[in-house]
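Quick note, the sequences are listed as chains A and B, same order.
Under the working numbering, the first sequence has 313 at position 313, and the numbering climbs by one with no breaks.
With the second sequence counted from 1, adding 1000 to any position gets you the working numbering.
Where is the CB? At the ideal position from N, CA and C, for every residue including glycine.
There are 2 protein chains.
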Amino acid sequence: MATEKRIDPWASVDVENYKALMQDFGIEPFSKFREKFKANRYVRRDIIFGHRDFDRIHNSITKKKPWAMMTGLMPSGKFHFGHKMLADIIIWLQQLGGQIYVCSADIEAWLMRDITLEEGYRTAVDEYLTNYVALGLDLKKDFTFWFQSNYTTEYYRLRDMISKRVTFNELKAIYGELSPGKITSVLTQAADILHPQLPSHNGKKPVVVPVGVDQDPHLRLTRDIASRLDAVRENSTRDFPCIPPSSTYHKFMRGLQGGKMSSSRENSYIALTESSETARKKVMNAKTGGRATAEEQKKLGGQPEACTVYDFFVYHLIDDNKELMNIYKDCTSGNRRCGDCKKFCADLIEKFLVGHQKKYKKAKTEVEKFIAKV
Amino acid sequence: MATEKRIDPWASVDVENYKALMQDFGIEPFSKFREKFKANRYVRRDIIFGHRDFDRIHNSITKKKPWAMMTGLMPSGKFHFGHKMLADIIIWLQQLGGQIYVCSADIEAWLMRDITLEEGYRTAVDEYLTNYVALGLDLKKDFTFWFQSNYTTEYYRLRDMISKRVTFNELKAIYGELSPGKITSVLTQAADILHPQLPSHNGKKPVVVPVGVDQDPHLRLTRDIASRLDAVRENSTRDFPCIPPSSTYHKFMRGLQGGKMSSSRENSYIALTESSETARKKVMNAKTGGRATAEEQKKLGGQPEACTVYDFFVYHLIDDNKELMNIYKDCTSGNRRCGDCKKFCADLIEKFLVGHQKKYKKAKTEVEKFIAKV
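Put into structure tokens, the structure is as follows:
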């Protein structure tokens, strides 16, 4: 047990070696679905690199059977390009025909981060939901949004049922030191993931949760819980018929200073509601893969693998693989200078932000109408 | 710490020495209210022997200000004479002007005793609620009844808020080994007690919880939690303005075989829906304070203090103190024979059951109508 690797979903983890992690935790490579879903940039570029039981989702898509996608948002800080990736994945899955379930983890935010429900509400609506819609989420399709603090009795009941099917030591092995608040958070998260399969949501169905590997312990626990809820006991009934959730695993783009992109470090991210000027400043100050001198750069070429500006191209700004390859070659051959490249990036970001912020404004009214009914 | 007395509310505790317990846990004697409330048999006979902060309730009664009484029922087994005492206390407090809050602890029953929500529902309605009404509870007055599994979002939210204001070690000190299910039970119980003070229930008010001393640890914990929820923090708001709950403490009548009266031992109790014949048999087999031989009985007299039949007189069957005293004297002087006394008791029980069961039948329709709206 002592040598077992533990991923702590509560701490900030820099995930270095995705492959080793996949082997350790039994995550399957997503490459088998690459050809089928190559229209998606994140699939095409192996940013979505792993999965558990995505075959179930694939099957449902092929056979046009019901399936859902579930994800939670932490209502804290600004919505930035790191969050945009997940939003794009949500929208992609919606376009593939999935029922979309998105939860504002406002109880977790209050319990673990002292964020009041009122603050959490505004952040979920203004930062997350409105940006989702501006990016292309269709509220009129099968879309369910809820706050952990304000949902159905059936959901809270499921959470209580779950508390019977999980042991204290099991939680401790995953989450370390436990408080009643942490236990509440964990049980709520399991209910978030499983409740799309409740009878009132038309029952048992494949549900996929797109996550970073740091969230995998939650997933494994919830999969175990699902099996227990689904188990037939003595009296030949079960607590709740359900299928263990599927998951996809994505890489994270780095922050502009290197390291993690995080809402709590302002220079690490660019928010989607940020002014072009601020965005430009941040890009111009970003950590690149450039060499110490112009001479070295010419001789050795740049290192796009180490460049946070290049991350922006890969994740968001350059959709065409050939165009991206040209930049890569230009950089590694030493022809591309970081200053010019940053300007190029800032221009693309500006173009994106201007267009996005128009859509954001339009989305605002629609979202306020929608949320009033939640 | 090792020498500290611990009362475990999850185990069956035979409480021998009420006075010592009161001193150990700081429970005040109820005697100061005896004169005022002597019309109540349980007060008159010191069966309600202790309290915490009942002055607040007394004050509210005197000044005709709002106050509430809260209690939970465990939806398991038959409703018997042990339960009748608490029902009588509820009805008494309703008649004194209290808003009545009664909860079916069906989540706790499921988590701790494997009772399904469906079983719990039927027991709560058929055994508890209908007997309450037959005994005199007025559903048309300010009466709130809920199932832990099926209540308001605000109630579940309060429970989650509570989970932030309590530590793991604190729970462990009271409840011993903890499971996620046990923690859910405990947090739910605290929300049960505190939610009558929520804004939607017209806010802060004195609430009294009538309990046996074995339930005191819950009460002390909930009082501490209330203080924390009510505490003003940095930003000069509080989680939830509320007053620590008051409590009264009552003795327990013994089971007919001696020891605890318990739904799980059929010969220990008489159910209020039981046939007179079965009830008579149980009484005739009851453990009394009689001596080994008729001769000894004549010489030494009986021991009503040790007699479970006498408990029935004290708690339920003989309301008049003089009449009770006559029985006591008759017994201790050796004139009263256990056989005759049991017949006398069985006759009184029969008379009660016949009358009660008529009222029960009538109450059934009213309760079904009421519960359909819960």
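- Between Q1148/B and S1104/B, the C-beta spacing is below 9 Å.
- Membership of M70/A in the beta strand (DSSP E) is indicated by the continuous run A68 to L73.
- Assignment of C1242/B by DSSP, reduced to helix, strand and coil, places it in the coil class.
- In terms of beta-carbon proximity, R157/A lines the interface with chain B, with at least one pair separated by less than 9 Å.
- For the stretch 170–184 of chain A, residues whose beta-carbon sits nearer than 7 Å to a beta-carbon of chain B comprise L171, L178, S179, P180, G181, I183 and T184.
- In the DSSP assignment, T188/A falls within the alpha helix (DSSP H) that extends over P180 to L194.
- By the neighbour-count criterion, in which 16 or more other beta carbons inside 10 Å mark a residue as buried, P1244/B falls on the buried side.
- Fewer than three Cβ pairs drawn from the stretch 177–193 of chain A and the stretch 133–141 of chain A lie within less than 8 Å of each other, which leaves the two stretches out of contact.
- Secondary structure within the stretch 1195–1281 of chain B: the beta strand (DSSP E) runs of 3 or more consecutive residues, fully enclosed, are 1207–1211 and 1246–1250 (chain order).
- The shortest C-alpha to C-alpha distance from F54/A to any of F313/A, L317/A and V211/A is the one to V211/A.
- Taking 9 Å as the cut-off, the beta carbon of G355/A is found no closer than this to the beta carbon of T332/A.
- The beta carbon of Q189/A does not come within 9 Å of any beta carbon belonging to chain B, so the residue lies off that interface.
- Contact between S246/A and R56/A is confirmed by a C-beta separation of about 5 Å, below the 8 Å threshold.
- By DSSP's assignment, Y121/A forms no beta bridge with any residue.
- Annotation for C1341/B: the continuous alpha helix (DSSP H) segment containing it runs C1338 to A1372.
- Within 10 angstroms of the beta-carbon of M1161/B lie 16 or more other beta-carbons, which makes it buried.
- Residue burial is scored here from C-beta neighbours: R1122/B has fewer than 16 other C-beta atoms within 10 angstroms and is therefore classed as exposed.
- Residues of chain A whose Cβ lies closer than 8 Å to the Cβ of L1111/B are, in chain order, D160, S163 and K164.
- Neighbourhood of I1349/B in chain A, by CB distance below 7 Å: empty, with the nearest CB roughly 36 Å away.
- Taking each of Q197/A, K205/A and V314/A in turn and checking the Cα distance to F252/A, the smallest one comes out for V314/A.
- In the three-state reduction of the DSSP assignment, E28/A falls in the strand class.
- With a contact defined as Cβ atoms closer than 8 Å, A1087/B and D1106/B miss out at about 18 Å.
- For the C-beta of I1107/B, the chain A residues within less than 7 Å are, from N- to C-terminus, D160.
- When the Cα atoms are used, F25/A and Q215/A turn out to be separated by approximately 12 Å.
- Proximity of Y151/A to chain B, defined by a Cβ-Cβ separation below 9 Å, is satisfied.
- A direct Cα-Cα distance of roughly 26 Å separates N169/A from I1225/B.
- Apart from sequence neighbours up to five positions away, the residues of its chain that approach D1192/B with a beta-carbon distance below 6 Å are G1072 and C1103, ordered along the chain.
- By the Cβ test, the stretch 281–292 of chain A is not in contact with the stretch 81–99 of chain A, since fewer than three Cβ pairs between them sit closer than 8 Å.
- The Cβ-Cβ distance between K287/A and G258/A falls below 9 Å.
- DSSP places F1313/B in no alpha helix (DSSP H); its state is neither H nor E.
- From the listed residues T222/A, V166/A and C242/A, the smallest Cα separation to G203/A is found for C242/A.
- A residue is called buried once 16 or more other Cβ atoms fall within 10 Å of its Cβ, and Q197/A is buried on that count.
- Listed in chain order, the non-local C-beta contacts of H1051/B below 6 Å within the same chain comprise E1028, F1030 and T1248, local neighbours out to five positions each way being set aside.
- Here DSSP, grouped into helix, strand and coil, assigns N285/A to coil.
- Within chain A, the residues whose beta carbon sits less than 9 Å from that of F1168/B are E177, L178, S179, P180, K182 and I183, listed in sequence order.
- Not one beta carbon of chain B lies nearer than 9 Å to the beta carbon of L219/A.
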